[in-house]
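J.:
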Amino acid sequence: MFKSAADAAGAPCATPPAIYQTHVSQPAVLQAAQGNGVGGEAAQQASQSLPSPPRDHVAPKSYESVTISVGRNCPPGLRRAVWHVTDFDLRKLMYNGAISMVYHAVDKRSGITVALKLYKRIKLNEIERHQVAREIRLHSDLAHDSIIALYAAWKDRAYVYLALEWAPGGDVYSYLKSQRGRLAEELAVPLILEPFMAGLAVIHEKGLIHRDIKPENMLLTNSFQVKIADFGLSIDSKQEIANTRLGTIDYLAPEILDCPVKQHPEDHKDRPDTGYTNKR
Numbered sequence: 182m183f184k185s186a187a188d189a190a191g192a193p194c195a196t197p198p199a200i201y202q203t204h205v206s207q208p209a210v211l212q213a214a215q216g217n218g219v220g221g222e223a224a225q226q227a228s229q230s231l232p233s234p235p236r237d238h239v240a241p242k243s244y245e246s247v248t249i250s251v252g253r254n255c256p257p258g259l260r261r262a263v264w265h266v267t268d269f270d271l272r273k274l275m276y277n278g279a280i281s282m283v284y285h286a287v288d289k290r291s292g293i294t295v296a297l298k299l300y301k302r303i304k305l306n307e308i309e310r311h312q313v314a315r316e317i318r319l320h321s322d323l324a325h326d327s328i329i330a331l332y333a334a335w336k337d338r339a340y341v342y343l344a345l346e347w348a349p350g351g352d353v354y355s356y357l358k359s360q361r362g363r364l365a366e367e368l369a370v371p372l373i374l375e376p377f378m379a380g381l382a383v384i385h386e387k388g389l390i391h392r393d394i395k396p397e398n399m400l401l402t403n404s405f406q407v408k409i410a411d412f413g414l415s416i417d418s419k420q421e422i423a424n425t426r427l428g429t430i431d432y433l434a435p436e437i438l439d440c441p442v443k444q445h446p447e448d449h450k451d452r453p454d455t456g457y458t459n460k461r
C-alpha cells in the first residue's frame with residue numbers, strides 16, 4: 182500500500198484494506214478499486230440506543246497497560262501516570278464496528294467527558310495496526326481550537342484506547358439536515374467555513390493530508406464550535422506518498438478519482454476539466 186515515489190509513479194491505484202470509521206452518521210467509506218471502478222462498503226454501525234456490551238468485552242484493570250501517547254492539549258485533570266479503561270464510566274455505546282467501538286465516557290476522577298475509542302487488537306491485521314499507530318502519532322501532535330483533541334492513547338493486551346475530546350453538538354451533516362440542507366451564507370461562513378479552514382490550514386502546514394474531509398467529520402460543541410475529527414485515514418506527506426484512491430465516495434475531490442500521486446496536500450488542486458482552479 183505504501184510505496185516510494187519511484188514505485189508509485191505511473192502505477193495503478195493500490196487497493197487498501199477495509200476502513201471502519203467512528204461516526205454513526207457517516208456514509209460508506211470508499212475502498213479503492215483497480216482501473217476505473219470505484220466501490221464502497223458501509224462500516225457496520227450501531228444505533229445510539231445500543232446497550233453497553235457485557236463486562237467481559239472490556240479489558241479488566243488487572244491487565245498491564247502501556248501508555249502510547251499523551252496529547253499536547255490533554256487537560257491537567259485527566260493526566261495520569263498509568264491509564265486504564267476502568268478509570269472511565271462507559272455511559273453509552275455510540276458505535277460498534279468490526280475492529281473498533283466508541284463510547285461516550287466520563288473520567289471517574291475528574292468528571293471530564295470523553296469519546297473513548299477502542300480498537301480490538303485481535304481483529305487488526307498488519308496494515309490496520311500500522312494505520313492505528315499512524316493515527317495516534319499524527320493526531321496527538323495537533324492542537325487547535327478547530328481540531329478534536331486526542332487526549333491520550335494507551336493499550337493493554339485486548340485493546341488500543343484513544344481518549345478523545347467530546348463534541349456533544351453532533352456533526353455538521355446532521356445540523357444541515359435539520360435545517361433542510363439550507364444555511365444562509367452570512368451564517369455558514371463565520372460559523373462553519375472560517376473555523377474549519379483555520380483547522381485545515383494547521384493540518385496542511387504540518388504536511389498532513391486528512392483524506393476524509395466531509396460534514397460528518399466536522400463535529401460541533403454545545404457552543405457551535407466546529408472541530409475536525411477522525412484522522413484514521415490521514416497520512417504525513419513528508420513520510421508517505423498519497424497514491425491510493427481513498428476516502429468517502431460522496432465527498433471525493435476530483436483529483437482523487439483520477440488518483441495521481443500526491444507529495445503535498447495542495448498537489449493537483451487546479452482542475453480545468455471540472456471548472457475549478459485555486460489560482461486567483
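The sequence shown begins at 182 in the numbering used here and counts up one residue at a time. Ideal placement from N, C-alpha and C gives every residue a C-beta, glycine not left out. Since the model is a prediction, treat every value here as computed from it, not as a measurement.
Consult DSSP for Gly-292 and reduce its assignment to one of helix, strand or coil.
T.: coil
J.: Can you check which of these residues, Pro-256, Glu-366, Gln-312, Arg-253, is closest to His-391 by C-alpha distance?
T.: Gln-312
J.: What does the alpha-carbon distance come out to for the pair Ala-334 and Leu-364?
T.: 37 Å
J.: Sort Asn-403, Leu-400, Leu-389 by Cα distance to Gln-420 and report the nearest one.
T.: Leu-389
J.: With which residues is Thr-248 paired in a DSSP beta bridge?
T.: DSSP output for Thr-248 lists Trp-335 as bridge partner(s).
J.: Could you name the residues that DSSP lists as bridge partners for Arg-277?
T.: Note that residue 277 is Asn in the sequence shown here, rather than Arg. BP columns for Asn-277 point to Met-282.
J.: Using beta-carbon positions only, say whether Phe-405 and Glu-316 come within less than 7 Å of one another.
T.: no
J.: Can the beta-carbon of Met-282 be found closer than 7 Å to that of Leu-299?
T.: yes
J.: Nearest to Lys-336 by alpha carbon, out of Arg-302, Leu-319, Trp-347, Gly-350?
T.: Arg-302
J.: Terminal residues of the continuous alpha helix (DSSP H) containing Leu-414?
T.: First-last for Leu-414: undefined, no H or E at that position.
J.: Using a Cβ-Cβ cut-off of 8 Å (strictly less than) and excluding sequence neighbours within five positions of Ala-324, which residues of its own chain qualify?
T.: Gly-252, Arg-253, Asn-254, Ala-330
J.: Thinking C-beta only, is Gly-351 closer than 7 Å to Thr-402?
T.: no
J.: Where Glu-307 and Ala-314 are concerned, what is the direct C-alpha to C-alpha distance, given to the nearest angstrom?
T.: 11 Å
J.: Please determine if the segment 284–291 and the segment 352–372 are in contact, where contact requires at least 3 C-beta pairs separated by less than 8 Å.
T.: no
J.: What do you get for Met-378, buried or exposed, if any count of 16 or more other CB atoms within 10 angstroms of its CB means buried?
T.: exposed
J.: I'd like to check one pair, Val-263 with Ser-250: are the Cβ atoms closer than 7 Å?
T.: no
J.: Leu-401 bridges to which residues according to DSSP?
T.: Beta bridge pairing from DSSP links Leu-401 with Val-407.
J.: May I ask you to report which of helix, strand or coil DSSP gives Asp-393?
T.: Look at Asp-393 here: in three-state DSSP terms it is coil, with no helix or strand label.
J.: Is Ile-416 near Ile-328, with beta carbons less than 7 Å apart?
T.: no
J.: Please say whether Asp-393 and Thr-462 have beta carbons closer to each other than 7 Å?
T.: This structure gives no information on residue 462, because the portion of the chain shown stretches from 182 to 461.
J.: Which residues does DSSP list as the beta-bridge partners of Phe-130?
T.: No information on residue 130 is available, as it lies outside the stretch 182 to 461 that the chain covers here.
J.: Under a three-way DSSP split, which group does Ile-422 fall into?
T.: In this structure, Ile-422 counts as coil in the three-state DSSP scheme.
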